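S.K.:
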Amino acid sequence: MEIITKDHPFAEIWEKVQREERLTFEDGVKLISSNDITALGHMANYVREKKHGDKTFFNTNRHINPTNICQTLCDFCAFGVRMKDPAAYTMTMEEIEHRIDMIDPEATEVHIVGGNNPALRIDYYENILRKVKEKRPNLHIKALTGVEIDHFTRVNKMSAEEVLDRLVAAGLDSMPGGGAEIFADEPRSVICDHKTSGDRWLEIHEIAHKKGLRTNSTMLYNHVESLEDRIDHMIRLRELQDKTGGFQTFIPLSWHPDNTELIKKFPHLHISTGFEDLKVIAVARLMLDNIDHIKTYWMQVGEKLAQTALWFGADDLDGNVVEEKIYHAAGAQTSQGMAKADLVKLIRDAGRMPVERDTLYNVVNTDFSHLEKGKKAPVEELTVL
Ligand code: V47
Numbered sequence: 027m028e029i030i031t032k033d034h035p036f037a038e039i040w041e042k043v044q045r046e047e048r049l050t051f052e053d054g055v056k057l058i059s060s061n062d063i064t065a066l067g068h069m070a071n072y073v074r075e076k077k078h079g080d081k082t083f084f085n086t087n088r089h090i091n092p093t094n095i096c097q098t099l100c101d102f103c104a105f106g107v108r109m110k111d112p113a114a115y116t117m118t119m120e121e122i123e124h125r126i127d128m129i130d131p132e133a134t135e136v137h138i139v140g141g142n143n144p145a146l147r148i149d150y151y152e153n154i155l156r157k158v159k160e161k162r163p164n165l166h167i168k169a170l171t172g173v174e175i176d177h178f179t180r181v182n183k184m185s186a187e188e189v190l191d192r193l194v195a196a197g198l199d200s201m202p203g204g205g206a207e208i209f210a211d212e213p214r215s216v217i218c219d220h221k222t223s224g225d226r227w228l229e230i231h232e233i234a235h236k237k238g239l240r241t242n243s244t245m246l247y248n249h250v251e252s253l254e255d256r257i258d259h260m261i262r263l264r265e266l267q268d269k270t271g272g273f274q275t276f277i278p279l280s281w282h283p284d285n286t287e288l289i290k291k292f293p294h295l296h297i298s299t300g301f302e303d304l305k306v307i308a309v310a311r312l313m314l315d316n317i318d319h320i321k322t323y324w325m326q327v328g329e330k331l332a333q334t335a336l337w338f339g340a341d342d343l344d345g346n347v348v349e350e351k352i353y354h355a356a357g358a359q360t361s362q363g364m365a366k367a368d369l370v371k372l373i374r375d376a377g378r379m380p381v382e383r384d385t386l387y388n389v390v391n392t393d394f395s396h397l398e399k400g401k402k403a404p405v406e407e408l409t410v411l
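Take 27 as the starting number for the sequence shown in this note's numbering and just add one per residue.
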């Protein structure tokens, strides 16, 4: 039975999707304003399966957040703190080394991001990157958001080009997608007034792409932004991707309100519903025709919704992570990491095919028979410091 009949409000859009024709801003607003989640999922899944079939990507990774001291202090964030805050920390090189030593021998990626700490010069980060490469030369370093790169330009009085050249020479391999938040000036000024602008975030990613670095992209939603702001955000990413082709994946991130200033200012706001999360994932898959992957960050949406999202446009779940801090500071109820066997099971139980990838989406493994005994992986596999 055809879900989108000739008289369905999406009939024209569905035709375009099947012809692989680009959707307009108006199309995007129509999609995101609709509650017909079945039709949205049908179209998004069509694109997802055309691109990737049943494949669902994940990687074996670990997060390191070297400091939570942040001078930007975005109202939506519960991770960053002032220098004098009792919870403030900056890891010493010994602490960083210890964390590198704890990384799973099978991991292919370390994801390093932190606060905009004004006391740390670029050599602190260069030393971290060099230490990772010294101890684990084959580990891919995905580190430092466009916002952190912009912060380094001010602290070190360097251009973004110089900052990136220094970091690449020290071992930086690619950049994560954080810091994009919502590009539109109005909501951005409400949720993160002192942060790098949307235009500057895009400019830094463009510079990185031109240097041959691949990067990811994100969008923080479900705070004060409008539905039009979400589509505007996706279209700005799509336009940059047309120019550079440097984005690997798009990760919609729903805002978690606990312990944030934003919830004090706007007490009516609340964590997104699963319904809203699925709509954003589906619309992203339909609008971002030139970005290969749509990631649902299981740590953030939860395991059950992540499984469902694999039928609404998402083809990637991120990794087993271990020691996630940003979402857990803001009330995330998910575990702080997942053993590879559980991630594989989660994907299989959703009726999809697990594919372990590296950061650049090269296939690392598709045979998990040694892990699949139908049992939960032992807790010892997940050492959280
Ligand atoms: O930029 C911070 C978001 C981002 C909150 O590139 C919050 O592979 C919700 O970008 N509620 C950092 N969101 C995380 C991130 C990321 C995660 C996983 C993989 C990748 C990747 C990137 O988290 C921030 C911001 O948008 N964030 N605080 C909060 N309270």
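C-beta atoms are modelled at their ideal positions from N, C-alpha and C, and glycine is treated no differently. Everything numeric in this text was worked out from a predicted model, so none of it was measured.
DSSP state of Asn-142, grouped into three classes?
M.R.: In this structure, Asn-142 counts as coil in the three-state DSSP scheme.
S.K.: Counting Cβ pairs closer than 8 Å, one from the region 290-308 and one from the region 224-235, do we hit at least three?
M.R.: Verdict: no, contact absent.
S.K.: Are the CB atoms of Glu-329 and Asn-85 nearer to each other than 8 Å?
M.R.: No, the Cβ-Cβ distance between Glu-329 and Asn-85 is not below 8 Å.
S.K.: Any heavy atom of the ligand V47 closer than 7 Å to the beta-carbon of Ala-133?
M.R.: No - the ligand V47 has no heavy atom lying nearer than 7 Å to the Cβ of Ala-133.
S.K.: Sort Lys-237, Met-245, Glu-188 and Val-181 by Cα distance to Gly-224 and report the nearest one.
M.R.: Ranking Lys-237, Met-245, Glu-188 and Val-181 by Cα distance to Gly-224 puts Met-245 first.
S.K.: Examine the ligand V47 and report whether any of its heavy atoms sits within less than 7 Å of the Cβ of Gln-96.
M.R.: The amino acid at residue 96 is misidentified as Gln; the sequence shows Cys. No - the ligand V47 has no heavy atom lying nearer than 7 Å to the Cβ of Cys-96.
S.K.: Please report the residue range of the alpha helix (DSSP H) in which Phe-301 lies.
M.R.: Element bounds for Phe-301: 300-313.
S.K.: For Thr-409 and Phe-394, I'd like the C-alpha separation in whole angstroms.
M.R.: At Thr-409, the pLDDT of 44 sits below 50, so the modelled position is not reliable and the matter cannot be decided from this model.
S.K.: Let me confirm a value: Gly-363 is counted as buried when at least 16 other C-beta atoms fall within 10 Å, else exposed. Which label applies?
M.R.: Buried, because 16 or more other Cβ atoms sit within 10 Å of the Cβ of Gly-363.
S.K.: By the DSSP assignment, the beta strand (DSSP E) with Ile-30 in it spans what residues?
M.R.: Neither: Ile-30 is in no beta strand (DSSP E) and is coded neither H nor E.
S.K.: Pull up the CB-CB distance for Ile-90 and Ile-122, whole angstroms please, since I reckon it's below 8 Å.
M.R.: So it is a contact: roughly 7 Å between Cβ atoms.
S.K.: Does DSSP classify Lys-290 as helix, strand or coil?
M.R.: Here Lys-290 sits in helix by DSSP.
S.K.: Report yes if the CB atom of Val-139 is closer than 8 Å to the CB atom of Gly-203, and no otherwise.
M.R.: It is not a contact, given that the beta carbons lie outside the stated cut-off.
S.K.: CA-CA distance, Thr-299 and Pro-278?
M.R.: Roughly 14 Å between the two C-alpha positions.
S.K.: Let me check you understand the geometry: is the CB of Asn-85 closer than 7 Å to at least one non-hydrogen atom of the ligand V47?
M.R.: The answer is no for Asn-85.
S.K.: Tell me which same chain residues have a C-beta within less than 8 Å of the C-beta of Thr-64, skipping the five on either side of it?
M.R.: Closer than 8 Å at Cβ, skipping near neighbours: Ile-29.
S.K.: Please state if the CB of Leu-57 and the CB of Leu-314 are separated by a distance shorter than 8 Å.
M.R.: Result no, Cβ atoms of Leu-314 and Leu-57 do not sit closer than 8 Å.
S.K.: Is Asn-346 near the ligand V47, judged by its Cβ being under 7 Å from some heavy atom?
M.R.: It does not: the Cβ of Asn-346 is nowhere closer than 7 Å to a heavy atom of the ligand V47.
S.K.: Where does Glu-135 sit, in a helix, a strand or coil, going by DSSP?
M.R.: Strand, per DSSP.
S.K.: Is His-282 near the ligand V47, going by C-beta to nearest heavy atom under 7 Å?
M.R.: Within the cutoff, so yes.
S.K.: Going by Cα to Cα distance, which pick from Tyr-323, Val-370 and Leu-336 is closest to Glu-350?
M.R.: Checking every option, the nearest Cα to that of Glu-350 belongs to Tyr-323.
S.K.: Which residue marks the beginning of the beta strand (DSSP E) containing Phe-84, and which one marks its end?
M.R.: First-last of the beta strand (DSSP E) with Phe-84: 81-85.
S.K.: Alpha carbon to alpha carbon, what distance is there between Leu-228 and Asp-368?
M.R.: Taking the straight line joining both Cα atoms gives about 36 Å.
S.K.: Would you be able to state if there are at least three C-beta pairs under 8 Å between the region 40-55 and the region 329-347?
M.R.: No, they do not touch.
S.K.: Return yes when at least one heavy atom of the ligand V47 lies under 7 Å from the C-beta of Leu-279, else no.
M.R.: Under cutoff, so the answer is yes.
S.K.: Determine the burial state of Asp-149: buried for a count of at least 16 other Cβ atoms within 10 Å of its Cβ, exposed for fewer.
M.R.: Result: exposed.
S.K.: Just curious, the alpha helix (DSSP H) that Ser-59 is in, first and last residue?
M.R.: Counting along the chain, the alpha helix (DSSP H) containing Ser-59 begins and ends at 51-59.
S.K.: Please report the Cβ distance between Asp-342 and Lys-321, rounded to the nearest whole angstrom; I am assuming they are in contact, meaning their Cβ atoms lie under 8 Å.
M.R.: Contact holds; Cβ gap of about 4 Å.
S.K.: In or out: Ala-113 buried (at least 16 other Cβ within 10 Å) or exposed?
M.R.: Exposed is the call here.
S.K.: Report the rounded CA-to-CA distance for Ile-217 versus Ile-208, giving the unit in angstroms.
M.R.: If I take the Cα positions, the gap works out to 9 Å.
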